[in-house]
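> So that you can map any letter, position 22 of the sequence shown is 715 in the working numbering, and since no number is skipped, the others follow by simple counting.
Just dropping this structure here.
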Amino acid sequence: AVKKIDQATAKGILHKNTAARSKSNLVKRLNATA
694 AVKKIDQATA KGILHKNTAA RSKSNLVKRL NATA
């Protein structure tokens with residue numbers, strides 16, 4: 694999932710800040726489930 698976000702950012706679809714926020718949210722959610 695994080696890789697997809699990185700790819701979208703590289704293509705300029707997502708803003709860097711948006712990507713960073715989505716990533717931290719994903720990581721938080723993964724840690725909460727784990």
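Ideal Cβ placement from N, Cα and C applies to all residues, glycine included.
Mapping DSSP to helix, strand and coil, what is I706?
Counted from its first residue, the sequence shown places residue 706 at position 13. The answer is coil: DSSP assigns I706 none of H, G, I, E or B.
> Go ahead and pull the three-state DSSP assignment for A713.
The count along the sequence shown starts at 1 and reaches residue 713 at position 20. Three-state result, A713: helix.
> Taking 7 Å as the limit between beta carbons, can you name the residues of its chain near S715, skipping five residues before and five after?
Position 22 of the sequence shown, counted from the first residue, corresponds to residue 715. Within the same chain, S715 has close Cβ partners I698.
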